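Visitor:
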Amino acid sequence: AEIKYRYAVESLVTLGYSLVNLGANELKLSAGQLLYTIANLDPEKNPISSANVGLAAFDSGLTSRYRVVDAGRRKIGAVAVLGREHVKNLTSGDEIVSMPPEAALAEIAPLLARENCDHQLLLVHGTLEEAQALARSFPQFDLVAAAGGADEPPNRLLRIPGANAKMIEIGKKGTYVVV
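Just so we're on the same page, our numbering is the position in the sequence shown counted from 1, plus 1251.
#1: With DSSP as the reference, label Glu-1380 as helix, strand or coil.
#2: Pairing CB atoms from the region 1405-1412 with CB atoms from the region 1335-1344, are three or more of them under 8 Å?
#3: Residue range of the beta strand (DSSP E) that Ser-1311 falls in?
#4: Between Ser-1301 and Leu-1273, which are expected to be in contact by the criterion C-beta below 8 Å, what is the C-beta distance as a whole number of angstroms?
#5: Should Ile-1254 go down as buried or exposed, given a rule of 16 or more other Cβ atoms within 10 Å for buried?
#6: Taking the alpha carbon of Ser-1281 as the reference point, which residue from Leu-1362, Ile-1347, Ala-1329 has its own alpha carbon closest?
#7: How many Å lie between Ala-1364 and Glu-1358 at the Cα?
#8: Within the chosen definition, does the region 1321-1330 reach the region 1365-1382 through at least 3 CB pairs nearer than 8 Å?
#9: Going by Cα to Cα distance, which pick from Pro-1298, Ala-1396, Gly-1312, Val-1271 is closest to Glu-1381?
#10: Could you name the residues of the same chain whose beta carbon sits closer than 6 Å to that of Thr-1265, not counting the 5 residues immediately before and after it, in chain order?
#11: Output yes or no for whether 9 Å exceeds the beta carbon distance between Asn-1303 and Pro-1361.
#12: Mark Tyr-1268 as exposed unless 16 or more other C-beta atoms lie within 10 angstroms of its C-beta, in which case mark it buried.
#13: Out of Val-1338, Ala-1416, Asn-1367, point me to the one whose CA is closest to Ala-1354's CA.
#14: Could you pull the start and end residues of the beta strand (DSSP E) that Leu-1273 belongs to?
#15: For Gly-1283, report the span of its alpha helix (DSSP H) as first-last.
#16: To which residues of the same chain is Val-1271 closer than 6 Å at the C-beta, ignoring the five residues directly before and after it?
#17: How many angstroms separate the CA atom of Val-1430 from the CA atom of Ile-1419?
#18: So if DSSP puts Met-1418 in a beta bridge, which residue, or which two residues, is it bridged to?
#19: Could you compute how far the alpha carbon of Glu-1442 sits from the alpha carbon of Ala-1252?
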């Protein structure tokens, strides 16, 4: 699994991915392997990001807490969080630091707002309900992607009740993506 992760991350870098969340499965790997893989990425191309999970420390430079990407004539701000239940299941230790997603977004959302992005995207590695609640609590996000949805998600974006955002549900293992 650790070798597979290393090659997967290197492949995503080669493909030009701008942001890759630290998800629950990645965080089941040994902290040493995560540190080795991420520390050996080109810092200018490192896409690993999480607002609420850090390796060694939130400011270690191994991961970013949010990203701003120029895509054509659009400026897109993106922040990724690990859901509350997944955070509870993390093994404690000096190598991995974490906080609840709400606390991380309370810190990061104002920083992202100052970037004057055309769109703000919130990626949630958690349940649909949690993603929707975060969208209602942080109304600056206009798109919210949730990894914890149905095997085959809806084939269109859905408005989140009580929020300004639309939901992007990602099917099992990202098989289906609505963009």
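Backbone N, C-alpha and C fix where the C-beta goes; we use that ideal spot for every residue, glycine too.
Since the model is a prediction, treat every value here as computed from it, not as a measurement.
Guide: Concretely, from the data shown:
#1: What you label residue 1380 is simply residue 129 of the sequence shown in a count that begins at 1. Helix.
#2: Between the region 1405-1412 and the region 1335-1344 there are fewer than three C-beta pairs closer than 8 Å, too few to call the two in contact.
#3: Position 60 of the sequence shown, counted from the first residue, corresponds to residue 1311. Annotation: Ser-1311 is outside any beta strand (DSSP E) and is labelled neither H nor E by DSSP.
#4: Taking the first residue of the sequence shown as 1, we reach residue 1301 at position 50. Taking the first residue of the sequence shown as 1, we reach residue 1273 at position 22. With a Cβ gap of about 4 Å, Ser-1301 and Leu-1273 count as contacting.
#5: As a first step, residue 1254 must be located in the sequence shown, where it is residue number 3. Under this definition Ile-1254 is an exposed residue.
#6: By 1-based counting over the sequence shown, the position of residue 1281 is 30. Closest option to Ser-1281, Cα to Cα, is Ile-1347.
#7: Here residue 1364 refers to the residue found at position 113 when the sequence shown is read from its first residue. Here residue 1358 refers to the residue found at position 107 when the sequence shown is read from its first residue. Rounded to the nearest angstrom, the two C-alpha atoms are 11 Å apart.
#8: When Cβ pairs closer than 8 Å are counted between the two stretches, the region 1321-1330 is seen to touch the region 1365-1382, the count reaching three or more.
#9: Along the sequence shown, one-based indexing puts residue 1381 at 130. Taking only the C-alpha atoms, the option nearest Glu-1381 is Ala-1396.
#10: Taking the sequence shown and counting its residues from 1, one reaches residue 1265 at position 14. Correct list: empty, nothing qualifies.
#11: Residue numbering aside, residue 1303 sits at position 52 when the sequence shown is read from its first letter. Residue numbering aside, residue 1361 sits at position 110 when the sequence shown is read from its first letter. For Asn-1303 and Pro-1361, no; Cβs fall outside 9 Å.
#12: In the sequence shown, residue 1268 corresponds to position 17, counting from 1. Under the 10 Å beta carbon count, Tyr-1268 is surrounded by fewer than 16 other beta carbons and is classified as exposed.
#13: One-based indexing of the sequence shown puts residue 1354 at position 103. Minimum Cα distance to Ala-1354 is reached at Val-1338.
#14: Taking the sequence shown and counting its residues from 1, one reaches residue 1273 at position 22. That residue, Leu-1273, is in no beta strand (DSSP E); it is neither H nor E in DSSP.
#15: Reading the sequence shown from its first residue, position 32 is the one you call residue 1283. Bounds of the alpha helix (DSSP H) holding Gly-1283 are 1282-1290.
#16: Within the sequence shown, the letter at position 20 stands for residue 1271. Excluding sequence neighbours, Val-1271 sits near Leu-1263, Pro-1298, Ile-1299.
#17: For the purposes of this step, residue 1430 is taken as the residue at position 179 of the sequence shown. For the purposes of this step, residue 1419 is taken as the residue at position 168 of the sequence shown. Because the pLDDT at Val-1430 is just 45, under 50, the model does not fix this residue reliably, and the value given afterwards should be weighed accordingly. One C-alpha to the other measures close to 8 Å.
#18: On the sequence shown, position 167 is the one that residue 1418 refers to. DSSP links Met-1418 through a beta bridge to Val-1395, Leu-1409.
#19: Since the first residue shown for the chain is 1252 and the last is 1430, residue 1442 is missing from the structure and cannot be characterised.
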